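As structure tokens, the structure follows; a few thoughts come after it.
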Amino acid sequence: MNSPIKTLIHSLAISFAILLTTTTNAQTDRVRTANGSLAGKVVDTSRESISLETDERVETIDVVNVIGVLFEGEPSGLSQARINIANGGYRTAQETLQETQLSQTTNRFLTDDFAFYQAECEARLAINKQTDPREAGRQLVAYQKKYPTSFHYYQSVETLGDLLFSMDRYDRAIQQYEILNKAPWVRYQSRASYLSGLVRQEQGSHAAAIALFDEAIATQGEGEAFETQRLDAQLAKAKSLAETKKQAEAIELIREVIKAANKEEERGQYALAAGYNALGKYYLAEGDKTNAMLAFLRVDYLYDQSKAVHAESLYHLVSLWRSSGEPETAQMTLSKLRRLYGGTKWALLANGHKIMTTF
Amino acid sequence: MTCLQRIVEIFPALSVIPRALFCLVLIGVGQTGLAGVEEDRQFYQMLREAGHDRLASEMLDRAANDPLVSEAFRDSAKYERLALGIAQARRERNSQLRQASLESLAEQIDELAQETVAGDQAVLLAQAMGDLATAMADEARRRAVAVQAHSSVRANAKGNQQKRALESARKALEQAEQRLAQAAIRFEQEHTKLRGVQPQSAKGKLRLDLLGRLAQTRLMSARLQHERAMTYAPKSKQYKELNQAAAEQLGKLYEKYNKWMVGLYAHLYEGKSYRAIGETGMAAGCFEALVAQPTTTDELRALVTHAQAELAALWVDAGDSAKALDGPRKWLSGLPSSQLDGSEVAMLRYHLGRAQVKVAMSLPADSRERRIALRDANTWLSASAKTPSEVQFKARLAWNQVGELLGVDQTKLETFEQAYQAGKQAIDAVASARATLLVAQGIGADAKQDLEDQVTSQRESAQRAFKVAMSLADSKTDRKQLNESRYLLAWLTYESGDYSRAAKMAMYLVNKAPKDPSAEKGALLGLATLERLSLANDAEANKQLKQLAQKSMRLWPRSEVAGIAISVLLNDALRHKAFDEAETLLASLDESERAPHLLRYATSRWEQSLANPQASAVDRQTAIDSLRKAFETMKQRGKSTPQVVTAALYLAKADLEANRTKQAVELLLDDKFGPVAKLTAQEPPADTARFATYAAQTAVLAYVKSGNEKLAKSMEWYAQAIEKGDASQANRTRLALAVELMKNLAASRVSTISPPVQLRTIESVSQLLGKVSQEVEPGDWNTQTWLAQTYLRLGELSESEAQRMSNLQAASSAFNQLVEQTRKDRNFAPTPSAALAVRLQAANCDLRLERYDEALSGFEVLLAERPTLLEVQTAAAETLQTSGEASGDAKRLEESIAGARPDSNGKNVIWGWRKIAAVTARAMASNEKYEELFFRAWLNVAKSRYLVGKTKSGASQMDSYRKATGTIRAMRRQHPSLGGEAMSAQYDALEQKIVEAMQ
């Protein structure tokens with residue numbers, strides 16, 4: 001190869017490298033959405049959206065579509081904590097965050113994100129009766145005041161509502177869910193109805209609860225999160241129906257959920273797991289331990305992909321095995337629950353903690 | 001993994017326990033390969049694999065009504081149930097129950113086999129047939145092996161019992177062979193249907209699975225032929241022919257499957273068949289071909305060990321002990337230690353032991369060489385005797401015989417060590433002879449006596465050896481061995497029946513060497529001995545018992561002996577009703593050890609509350625609450641002990657009495673803790689007649705109340721339990737249950753007892769009464785009248801006509817029997833009124849049975865004696881009226897008004913309604929209670945007149961109707977209220993009827 005050509009190739013390579021470096025520097029934050037992830041730089045946030053600057057333009061991403069944001073240069077502890085939180089491991093997440101330094105970052109969006117997860121952990125632990133709920137509430141409110149335009153705002157509202165609910169402050173919880181209801185997306189509105197329904201259910205106002213669940217069920221929308229929420233509302237409604245002596249309607253509703261599930265799809269698997277869990281709880285309430293056991297075992301054996309639901313089924317199985325005089329099987333199930341979902345409320349409940357089971 | 005690979009892997013593992021050879025082969029194969037295993041079946045199989053058979057069974061039960069269950073699973077449920085039933089039957093320990101279950105399953109399979117099925121269902125049916133055939137083959141073989149083993153104890157084949165056992169075993173083997181043949185046909189059919197499918201596809205796997213099953217079935221079938229041959233006398237024609245046929249069949253299978261484990265095993269059994277008929281060369285050929293196989297896997301090593309054992313046996317039988325000992329002994333010494341526990345090794349050791357005994361017996365008596373050879377034989381035989389195998393029984397016998405030959409020679413016991421070892425060996429021999437006795441059912445009395453003599457003689461030898469050991473002990477003697485000798489000597493003393501001495505020896509050990517491991521065992525022995533003495537009212541022993549128990553609790557807390565010590569103290573306190581003492585003891589226990597004792601205590605308190613009629617409702621409730629709490633705690637621990645089952649039974653009974661039927665049924669039917677499971681399996685505590693009776697009685701009550709099908713056989717269980725118990729109490733027990741059941745019916749008058757409950761109660765009581773009446777003593781007035789009265793009550797309540805008639809007839813017969821006895825013996829009835837009451841009831845029965853003439857005769861006899869018995873007069877008038885109406889007999893209807901059956905003075909013994917009315921008219925002036933009868937009598941006068949009219953026509957009919965209305969109007973004029981609203985309404989209704997008839 002002669003030298004001019006060699007030089008040309010070399011200069012082209014350098015240009016390409018520069019181009020590559022420049023591009024990389026410009027797109028360091030990643031916003032994960034249900035449809036994939038977008039790379040760029042988070043330049044602004046509001047309660048409703050994230051502005052992400054890419055090479056070509058500034059993209060506005062609705063919060064409703066955001067699954068999470070990974071910031072450039074964020075400490076690995078924060079990434080790890082997010083994973084723990086997604087798995088219900090709030091204690092581990094909190095410990096990880098406590099050990100993590102943000103080291104003089106000037107990225108306010110990153111500090112917002114970090115602060116949110118700190119407050120979220122504290123609140124979720126408080127809901128599980130592992131920390132002081134009032135302190136957790138103070139932290140959440142302080143977070144909202146400090147970051148009024150955070151994209152985590154509605155999440156923090158929901159958590160605050162859940163926390164108040166766990167403290168039996170039902171009306172205050174409903175007020176928070178009302179805020180959620182004012183978000184500009186039907187999914188949030190539907191979630192607000194569902195959560196308010198849970199509060200009414202807990203209060204024993206089943207007619208009101210059913211009306212709210214019906215609202216959530218009737219809300220039109222697509223996507224996995226939507227489907228999951230609708231399904232949860234259907235199953236919650238079944239519980240209220242059973243509580244109001246409408247056993248036939250309740251069980252029919254649960255069966256509908258199960259029958260409609262497409263087991264080839266992930267959300268179908270969730271529907272089957274949640275449906276059989278609901279069926280198990282229905283039978284438990286009816287005093288039919290055998291049918292309850294068969295329902296929970298189905299979740300354990302066949303539909304264990306959904307962690308929270310699987311953990312709950314294991315929790316119920318522990319006590320069912322115990323009461324059927326099978327302490328060894330109960331112990332094995334408890335070990336499995338601890339091994340797979342040690343940090344979850346179900347494991348805590350199985351260990352004798354008295355916490356709220358609604359969430 | 002393919003089916004055949006699985007068979008290669010599984011088959012030899014099964015041969016470790018040849019009895020299980022048939023039974024487990026198919027389990028690994030499972031039901032894989034069924035086209036498209038859907039989720040319900042997958043879930044069901046996962047339940048089975050996890051050992052949750054109860055839940056699997058529930059799933060099948062509920063499938064029919066569960067809309068979430070797929071249709072495919074629902075359709076296959078009946079086949080799955082069969083497979084489950086077969087698996088459960090195999091696990092049944094009681095052989096009679098096991099056989100009964102298999103027979104019942106066979107009937108069901110035969111029925112299903114008549115149906116035309118296809119696809120998955122056809123495969124499932126074939127698999128169920130295979131499973132059943134395998135189970136039956138296993139069962140038959142087990143019986144055949146047992147018969148052969150016992151017949152070798154003593155040549156007793158001429159005994160009737162032995163003959164019957166042999167015939168029964170043969171029949172079972174033949175039936176199993178037929179079943180295997182049927183299964184083979186099915187497997188072949190299903191296999192053929194799948195010809196041409198892709199080997200790796202689901203159907204391809206299924207095809208391979210079926211092929212494996214087919215091969216297995218054929219092997220089993222050929223083996224059974226050999227087993228059947230072995231049930232005949234060795235010189236008989238059948239013995240030879242069947243073995244010859246089996247050998248040929250097995251040879252063909254070897255040719256067909258010689259690359260698979262199944263083929264190698266066919267060759268092994270081919271050799272066994274040849275050995276049986278003395279074809280030594282052929283047999284040796286088979287075994288030697290197998291021992292030459294490469295032994296690269298544990299499975300192949302096990303097969304070769306089996307073949308080596310057969311070779312050794314072959315040479316011993318052929319009289320060449322040296323050859324028997326040569327190769328097989330080398331093979332044994334080369335086996336890895338991990339493979340020394342198997343049944344093949346046990347068989348090899350047994351035949352080596354036999355060979356060595358033969359060698360020993362060929363040596364000069366009392367020679368050192370003979371003794372050494374016998375010791376070697378003893379070593380092999382003792383190891384074989386302790387390992388489960390098909391020769392274990394024979395090994396135990398041979399070991400005992402060698403033990404006797406070796407004996408305990410006291411003159412040779414020169415050191416403590418020698419005496420200690422000799423004693424231990426004798427104790428092992430005692431244990432072995434006992435174990436042999438335990439399994440040797442059906443052996444001749446002489447053989448049994450021989451074994452019992454062996455036990456006694458070996459026990460005495462052991463005692464002598466340990467006494468010598470004690471005398472030889474010095475300061476250098478190993479303390480552990482010395483204390484063990486003390487313990488064993490104490491145990492032997494206990495065994496010989498000298499309890500006081502045994503207790504002293506045991507306590508000496510506990511006091512002198514509490515830290516020695518033997519002391520704990522000594523404490524156990526001491527507690528058992530002292531409790532025995534204490535129960536015989538030995539006050540000193542009782543005192544020592546408490547001291548030893550308390551000391552044991554201190555020395556070995558939370559140990560087995562501590563548990564027994566606590567039980568001993570608790571039992572003692574409960575026996576003496578020292579409840580404070582018992583509660584203090586319980587309070588002193590750790591949480592972990594308290595639960596079983598608390599249950600014992602709660603049970604005892606409940607029993608006392610039951611036995612005390614003065615106990616208040618509050619005390620009873622407290623007692624049952626405590627029992628329930630203690631039971632739940634124990635249940636959560638998961639261990640089913642007789643105590644827990646007893647508590648479950650008491651709780652079920654209490655729940656029944658409190659109308660918590662569902663809870664009672666759940667408790668009774670609980671798989672693990674429920675009394676019914678124990679009752680059907682005849683396991684403790686249901687192996688005692690008392691418990692079994694109480695449990696079955698509770699089951700009957702629960703069945704009657706719930707109608708739960710799982711309790712439908714409760715009356716059979718009850719009959720069986722009664723049979724087991726004290727015959728003199730049987731009738732009393734039956735009566736008690738009948739009385740309890742009748743309480744339901746008594747309640748039915750006022751409460752909401754449902755017709756099905758009533759029906760079941762009537763059926764159950766009828767069955768009981770049938771038995772009671774067969775055995776009731778002739779002079780037992782109370783029982784006989786109760787029986788008759790109860791039959792009458794059942795008749796009154798029966799819904800079905802057949803049941804009503806049957807009970808009324810029984811009642812009539814019982815009352816007439818009483819009347820007859822009263823007539824023969826004037827003192828039979830406790831009072832004259834009682835005798836009259838019986839007559840009245842007899843007539844009452846006749847009336848209900850529409851035997852009017854008999855009823856009237858009965859009334860007449862009564863009224864001739866006591867004419868003023870108004871109730872009887874009323875019944876007689878009603879009988880005349882009813883019978884007249886039924887037959888359209890105007891004369892009889894007139895008699896119902898004017899009376900009938902004149903006596904010698906022409907006076908009617910049966911008054912009729914008019915005289916009843918006249919008598920009551922006088923009586924009601926002074927006593928209001930006659931008012932109702934007065935109005936009723938006139939109403940019936942009118943009614944009879946109306947009925948007379950109905951039998952006539954024209955003017956005479958109208959005349960009768962007018963007389964009837966005239967009576968009514970006259971009554972209304974004289975007594976406007978007509979005795980109240982109800983009676984007045986009856987008058988109105990009758991008048992209305994008559995007026996309508998007149999129009």
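The listed protein sequences correspond, in order, to chains A and B.
Counting in the numbering used here, the first sequence runs from 1 upward without gaps.
Counting in the numbering used here, the second sequence runs from 1 upward without gaps.
Glycine included, every Cβ here is placed at the ideal spot set by N, Cα and C.
Bear in mind the structure is a predicted one, so any value in this text is a computation, not a measurement.
Answer yes or no: does any C-beta atom of chain A fall closer than 9 Å to that of M983/B? For the purposes of this step, residue 983/B is taken as the residue at position 983 of the second sequence. No, M983/B lies away from the interface with chain A (no Cβ there is under 9 Å from its Cβ).
Name the chain B residues that come within less than 8 Å of T256/A, Cβ to Cβ? The residue you call residue 256/A lines up with position 256 of the first sequence. According to the sequence shown, residue 256/A is Glu rather than Thr. Result: empty, since nearest Cβ-Cβ is about 10 Å, beyond 8 Å.
Quick one: does G366/A have its CB under 9 Å from some CB of chain B? Missing from the structure shown is residue 366/A; chain A here goes from 1 to 359 and no further.
Euclidean distance between Cα positions of V141/A and A123/A: On the first sequence, position 141 is the one that residue 141/A refers to. On the first sequence, position 123 is the one that residue 123/A refers to. So the two alpha carbons sit approximately 11 Å from each other.
Residues that DSSP places opposite A702/B in a beta bridge: Working through the second sequence from its first residue, we reach residue 702/B at position 702. In DSSP, A702/B forms no bridge with anything.
In the DSSP assignment, the beta strand (DSSP E) including R30/A goes from what residue to what residue? Taking the first residue of the first sequence as 1, we reach residue 30/A at position 30. Unbroken beta strand (DSSP E) run through R30/A: 29–33.
If you pair each beta-carbon of the region 95–110 of chain A with each one of the region 304–319 of chain A, do three or more pairs fall below 8 Å? Under the three-pair Cβ rule at 8 Å, the region 95–110 of chain A does not count as touching the region 304–319 of chain A.
Where R851/B sits in the DSSP three-state scheme: Counting from one through the second sequence, the residue named residue 851/B turns up at place 851. Correct three-state label for R851/B: coil.
So, does the region 58–75 of chain B touch the region 139–147 of chain B, judging by three or more C-beta pairs under 8 Å? The region 58–75 of chain B makes no contact with the region 139–147 of chain B: fewer than 3 CB pairs, one atom from each, lie closer than 8 Å.
Own chain partners of E270/B with C-beta closer than 7 Å, once the 5 adjacent residues on each side are dropped: Numbered from 1 along the second sequence, position 270 holds the residue referred to as residue 270/B. Result list for E270/B: A247, L250, G251, Y254, C286, in chain order.
Examine the Cβ distances between the region 222–235 of chain A and the region 262–273 of chain A and report whether three or more of them are shorter than 8 Å. The region 222–235 of chain A is in contact with the region 262–273 of chain A.
Give the DSSP-derived three-state secondary structure of T45/A in the structure shown. Along the first sequence, one-based indexing puts residue 45/A at 45. Residue state, collapsed to three classes: strand.
Nearest candidate by alpha-carbon position, reference A1017/B, set S754/B, A689/B, L701/B: For residue 1017/B there is no data in the structure shown, the boundaries of chain B being 1 and 999.
Along the chain, which unbroken stretches of the alpha helix (DSSP H) at least 4 residues long are found entirely within the region 636–698 of chain B? The region 636–698 of chain B contains these whole alpha helix (DSSP H) runs: 642–657, 661–669, 675–681.
Alpha carbons only, please: which of K950/B, E928/B, E115/B, L856/B is nearest the one belonging to A997/B? Stepping through the second sequence from its first residue, residue 997/B is reached at position 997. Nearest C-alpha to A997/B: K950/B.
Continuous alpha helix (DSSP H) stretch holding E59/A: start and end: On the first sequence, residue 59/A is found 59 positions in, with the first residue counted as 1. Premise fails: E59/A lies in the beta strand (DSSP E), 58–62, not in any alpha helix (DSSP H).
What does DSSP give as the partner residue(s) for A39/A in the beta ladder? On the first sequence, residue 39/A is found 39 positions in, with the first residue counted as 1. For A39/A, which the question treats as bridged, DSSP gives the partners R30/A.
If you draw a straight line from the C-alpha of S626/B to the C-alpha of A602/B, how long is it? Taking the second sequence and counting its residues from 1, the one referred to as residue 626/B is at position 626. Taking the second sequence and counting its residues from 1, the one referred to as residue 602/B is at position 602. Going by the C-alpha atoms only, they are around 6 Å apart.
Taking the beta carbon of E596/B as the centre, do at least 16 other beta carbons fall within 10 Å, making it buried, or is it exposed? Translated into positions along the second sequence, residue 596/B becomes position 596. In the sequence on display, residue 596/B carries Pro and not Glu. By the 16-neighbour rule on beta-carbons within 10 angstroms, P596/B is buried.
G674/B versus chain A: which residues are under 7 Å apart at the beta carbon? As a position in the second sequence, residue 674/B is number 674, starting the count at 1. Correct list: empty, because the minimum Cβ distance to chain A is about 10 Å.
For L311/B, the first and last residue of its enclosing beta strand (DSSP E): Start at 1 with the first residue of the second sequence, and residue 311/B comes out as number 311. L311/B: not part of any beta strand (DSSP E); member of the alpha helix (DSSP H) spanning 298–317, first to last residue.
Check: G343/A C-beta below 8 Å from any heavy atom of the ligand MG: Although the ligand MG was asked about, the structure shown includes no ligands whatsoever.
So, for L489/B: in the same chain, excluding its five sequence neighbours on each side, which residues have a beta-carbon less than 6 Å away from its beta-carbon? For this step, residue 489/B is matched to residue 489 along the second sequence. Spatial neighbours of L489/B in its own chain (CB-CB distance under 6 Å, excluding positions within 5 residues in sequence) are listed in chain order as F466.
W380/B vs Y350/B beta-carbon contact at 9 Å: To locate residue 380/B, count along the second sequence from 1; it is residue 380. To locate residue 350/B, count along the second sequence from 1; it is residue 350. Going by C-beta atoms, W380/B is nearer than 9 Å to Y350/B.
Taking 8 Å as the cut-off, does the region 881–899 of chain B touch the region 923–938 of chain B (at least 3 CB pairs, one atom from each stretch)? No: fewer than three Cβ pairs fall under 8 Å.
Indicate whether F416/B and A473/B have their beta-carbon atoms separated by less than 9 Å. On the second sequence, residue 416/B is found 416 positions in, with the first residue counted as 1. On the second sequence, residue 473/B is found 473 positions in, with the first residue counted as 1. Between F416/B and A473/B, the C-beta spacing is below 9 Å.
Starting from F416/B, find everything on chain A with Cβ-Cβ shorter than 8 Å and list it in chain order. Here residue 416/B corresponds to residue number 416 of the second sequence, with the count starting at 1. Chain A residues near F416/B: none, gap ~46 Å exceeds 8 Å.
Taking the C-alpha atoms as reference points, what is the distance between L667/B and A630/B? Your numbering for residue 667/B matches position 667 in the second sequence. Your numbering for residue 630/B matches position 630 in the second sequence. Each residue's Cα considered, the two are about 15 Å apart.
Tell me, please, whether the CB atom of F466/B is closer than 9 Å to any CB atom in chain A? Counting from one through the second sequence, the residue named residue 466/B turns up at place 466. No - not a single Cβ of chain A is within 9 Å of the one on F466/B.
Based on DSSP bridge pairs, tell me the residues matched to P294/B. Counting from one through the second sequence, the residue named residue 294/B turns up at place 294. The secondary-structure analysis by DSSP pairs P294/B with nothing; it has no beta-bridge partner.
Rounded separation between S319/A and P684/B - CA only: If you number the first sequence from 1, residue 319/A lands on position 319. If you number the second sequence from 1, residue 684/B lands on position 684. Straight-line Cα distance between these residues: approximately 28 Å.
Give the residues from the region 284–315 of chain A that approach chain B closer than 8 Å (Cβ to any Cβ), ordered along the chain. For the region 284–315 of chain A, which is checked against every Cβ of chain B, the residues closer than 8 Å are T290, N291, M293, L294, L297, R298, Y301, L302.
Please report the residue range of the alpha helix (DSSP H) in which V995/B lies. What you label residue 995/B is simply residue 995 of the second sequence in a count that begins at 1. 981–998 is the extent of the alpha helix (DSSP H) around V995/B.
Exposed or buried, which one is V765/B when buried takes at least 16 other CB atoms within 10 Å? One-based indexing of the second sequence puts residue 765/B at position 765. Under this definition V765/B is a buried residue.
Could you tell me whether the region 169–185 of chain A touches the region 195–211 of chain A, using the rule of 3 or more Cβ pairs below 8 Å? Two segments are said to touch when three or more pairs of C-beta atoms, one from each, lie closer than 8 Å; by this definition the region 169–185 of chain A touches the region 195–211 of chain A.
Please tell me whether T32/B has its Cβ less than 9 Å away from any Cβ of chain A. Mapped onto the second sequence, residue 32/B falls at position 32. Here the model assigns T32/B a pLDDT of 40, short of 50, so the residue's position is not dependable, and the following value carries that caveat. For T32/B, no Cβ of chain A is located within less than 9 Å of the residue's own Cβ.
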